[in-house]
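Okay, so here's the structure we're looking at.
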Amino acid sequence: MSPNIPCCCVRFIEDDEEDVKKVQAKRAHDGKDGDHASKTKCCFWSWLMVSLFATGVVTVTVLTISRYVDFLKRTRGGSHRPQQVVPKYANALQVSMQFFDVQKSGKLVDNKIDWRGDSALLDGSEEDLDLSKGLYDAGDSMKFGFPMAFTATVLSWAILEYGHHMNAIQELEHAQDSLKWVTDYLINAHHSPNVLYVQVGDPEVDHNCWERPETMTEKRPLTQINTSFPGTDVAAETAAAMASASLVFKKINSTYSDILLMHAQQLFTFADTYRGLYSISVRQVQKYYNSTTYGDELLWAASWLYLASGDRSYLRYVTELNGQGFADWGNPTWFSWDDKRAGVHVLLSRINMIGEIDVSESENLDLQMYRKTAEAIMCELLPDSPTASPNRTEGGLIWVAKWNCLQHSVASAFLALLYSDYMLTSRTETLYCSGKSYNPDDLRNFSISQVEYVLGDNPMKMSYIVGYGSNYPLHVHHRGSSIPVNSDTGCRGGFKWLDSNSPNPNIAVGALVGGPFFNESYNDIRNNTMQGEPTTYNSALLVGLLSGLATSSTLEGVGIVDKNGTPLSGWSRNVDLSSFDSSDEEPLIGISKQQDSLDEQDGVYIGELVKSVQMVTDVMEALVKRVIMAESETAIEKEKVTLGQEEIRKKAIQIENMSMKLEEMERFALGTNSVLNEMRQRVEDLVEETSRQRQRAAENEQELCRVKQDFESLKSYVSSLISVRETLLSSEKQFQTIERLFERLVAKTTQLEGEKMQKETEVQKLMEENVRLTALLDKKEAQLLAMNEQCKVMALNASNI
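The numbering used here applies: residue 163 is where the sequence shown begins, and numbers increase by one.
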């Protein structure tokens, strides 16, 4: 090797002297001349020879070990070390998966739930669509597109990250079938690029009935969003569901995967072009699934579309203006069917931590913001963190809202588990929370604490998963579960089952109920929808969480795509763990993984070979260091001479430059003086103008005071006028009343006068009659007197006789 290897190679020496560093810095600052270029060329060829020799030795040894491992695996039928299943969580996962079968709509074939049958076979027929599939939302028979799409997205995420765990307990195919049942529905609901059916059924009608879905006969109208009635949130969530599902089915059914991706891209364009909340366009949903914003769904969908398509425009979408406008960086939020921001932060952190892509500086800065926000979310979840959220019960359960409280606790645990695994996969050892450090195990332990609470480690000592354990809710708010199979109740006849105190005759296996109150109590009453109603999105989050804990293996399979965009292990029914190795890993990492599957004797042999490789490598490194050190010393001496000459030349140049700068500064000073004088005059003018402005302001203030006084006076006068007006109005009303009374009095007086005249006439007649009768009476009295006299005469005559 040539003794004149240049000092550019000195940077590889671990214990180089300070003067070597100075030489390198000097050369970097002053540039490289022709002599240095030739030296660099010499360095290159010298290094190439050494590197080729060392690489050859290591490669031969590695190939020897690999071939020996392959030989043992072929002859002994060996394979990768089987994952260690955690029975408790595996059992809970198998139970939880069955709730998707409980909620299925349409024509059921080989359904695992014996009390469920065909239902809603005519859904969509009024528009010549087949919307019979899909999942009923909760304890009713409604198909709400918004939460159903979120269910599909979360289930896809769980399969993509932990599909190999599901496969270990024979649940991967079940999960994929459940997902496809939803995506088949979503494909049919996307009738055209700018039309999406987001609801089947009338919730007002549905919630006024209590009947099994198999026997319902009510009309089930369709609700759509379009360019006139947009729904950015639900369209973007559906795009996210289809994009993530396209990754799940990429290896299983590439044609179906392409169809899903096409629909996802169309829906995202529709959602982004025609922006608006679907709960404004479809006001009926405000009582049930009211959406608060749509920016989070746009970021959520764009993130999944980037992962599914590899199209960098989607990455730019989340890292440019839309990210700045919608991501709410630095502010932790709760992951739910309505708010996807926390999920976006964790998902994009994954790209920043594990991604194999090259990103621009601006994109990387924005991805760092997503990661920092994800870290803030994790710090809020850790119970002993300085920034721990107070939203948790005494038993340690994350508790955000009284309605369906377990949604937030399970969702938080799922995100924490994902982030823990991302840290492990990216070899990120520490998470800092306001100066306090945590490791991936701390996040995993938090996730375990939440799932243990759900499984029974709580003050109620009950499982909140129906069908798991011996003590779980028996009166779940669920129509099909609460009514006997052979009962055809009609719309209203089933309410007797709602009000019944008997346990549900059919077990809604796998249902995750709403959960406890903040005081950690739970009322197992069928009409208690706040605590006792299960939902599909709760189950999707729970399945994701349990899938991550179902086996002891974590690092294998935590990865969405490799550097070529190909799905990694656990993403298909044909699990291939070997595809998880990437070119970025050192060969010894792959060897150590294979070494795990061999017996102890073979492992010892391979270990010895590995030690031999390491020894050869160490010898080569020592040889290279010695060569470089000798060459460096020669180069340093030469460089010192060159430095002296360069220093003299630089001093002369510096003196010349200083002279030119002094002349320039003198000219600048003259120009500056004139500018300063001009500015001084302007300042004086401004001061004078400011004084005038202040004077005018004072006058204006006085005028304003007068105007205020006049206004107050006017206000008082107006108030008095209003009072007078009210008095006049009152007086006018009183006058009108008096006038009406007077009119009535006049009419009454007229009536009385008429009656008076009539009475006077009658009196006159009576007086005339009285006169006539008086005269007649006088006549009769005279006759009586005459007769009396005659009687007296006759009496005298008689006495005489």
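All C-beta atoms in this analysis are idealised placements derived from N, C-alpha and C, irrespective of residue type, glycine included. As the structure is a computational prediction, the values presented were derived from the model and not from experiment.
Check whether residue i and residue j have beta carbons under 8 Å apart
i, j, result
"L577", "G505", "yes"
"L461", "N484", "yes"
"S408", "L429", "no"
"E399", "A311", "yes"
"M531", "W491", "yes"
"L568", "V638", "no"
"Y450", "V396", "no"
"Y699", "V357", "no"
"S303", "D368", "yes"
"Q988", "V447", "Outside the modelled stretch of the chain, which goes from 163 to 963, sits residue 988, for which no answer is possible."
"V675", "P646", "no"
"L348", "A403", "yes"
"Y476", "A464", "yes"
"E682", "M622", "yes"
"H456", "R512", "Sequence inspection shows Tyr at residue 456; the His mentioned does not correspond to that position. Result no, Cβ atoms of Y456 and R512 do not sit closer than 8 Å."
"Q256", "L297", "no"
"L529", "S258", "no"
"Q693", "G706", "no"
"V410", "Q338", "yes"
"L559", "D604", "no"
"S406", "A470", "yes"
"E323", "L580", "yes"
"S969", "Q612", "Since the first and last residues shown for the chain are 163 and 963, residue 969 lies out of range."
"I516", "S582", "no"
"P392", "S354", "no"
"L270", "D280", "yes"
"M657", "W372", "Reading the sequence as shown, one finds Phe at residue 657 and not Met. In this structure, W372 lies closer than 8 Å to F657 by Cβ."
"A433", "T394", "yes"
"T313", "A702", "yes"
"S453", "D500", "yes"
"T481", "S551", "no"
Bridge partners - residue i, DSSP secondary structure assignment
i, result
"Q361", "F306 and T385"
"G268", "S281"
"S354", "V357"
"Y600", "L593"
"L297", "K266"
"V447", "DSSP output for V447 lists no bridge partner at all."
"L509", "Partner(s): none; L509 has no beta bridge."
"L674", "I627"
"V247", "T713"
The beta strand (DSSP E) enclosing residue i, as first and last residue numbers
i, result
"Y594", "L593 to C595"
Endpoints, the alpha helix (DSSP H) within which residue i is located
i, result
"S340", "L334 to A351"
"A418", "Sequence inspection shows Tyr at residue 418; the Ala mentioned does not correspond to that position. Its alpha helix (DSSP H) spans residues S416 to T435."
"Y581", "L568 to T587"
"N484", "L483 to F488"
"I331", "Segment: none, I331 is in no alpha helix (DSSP H) and carries neither H nor E."
"L703", "T698 to L711"
"L460", "G457 to S471"
"D395", "T394 to V410"
"M692", "T691 to G694"
Cβ-heavy atom distance, residue i to the ligand PLP, below 7 Å
i, result
"L439", "Among the components modelled here there is no ligand, and therefore nothing to report on the ligand PLP."
**Message:** Extract the residue ranges of the alpha helix (DSSP H) inside the region 609-658, only unbroken runs of 4 or more that lie entirely within it.
**Reply:** 641-644 and 652-655
**Message:** I want to know whether the region 523-539 touches the region 668-681 - three or more CB-CB distances under 8 Å.
**Reply:** no
**Prompt:** What are the start and end residues of each continuous beta strand (DSSP E) run of 3 or more residues lying completely inside the region 881-930, in chain order?
**Reply:** Listed in chain order, there is nothing to give.
**Asked** Can you list, in chain order, the stretches of the alpha helix (DSSP H) that have 4 or more residues and sit fully within the region 518-566?
**Response** 523-543
**Asked** Counting Cβ pairs closer than 8 Å, one from the region 706-715 and one from the region 594-603, do we hit at least three?
**Response** no
**Item:** Any 3 or more C-beta pairs closer than 8 Å across the region 376-386 and the region 657-665
**Value:** The region 376-386, when compared against the region 657-665, does not touch it at the 8 Å Cβ threshold.
**Asked** Any chance the region 249-259 sits against the region 679-698, with 3 or more Cβ pairs inside 8 Å?
**Response** no
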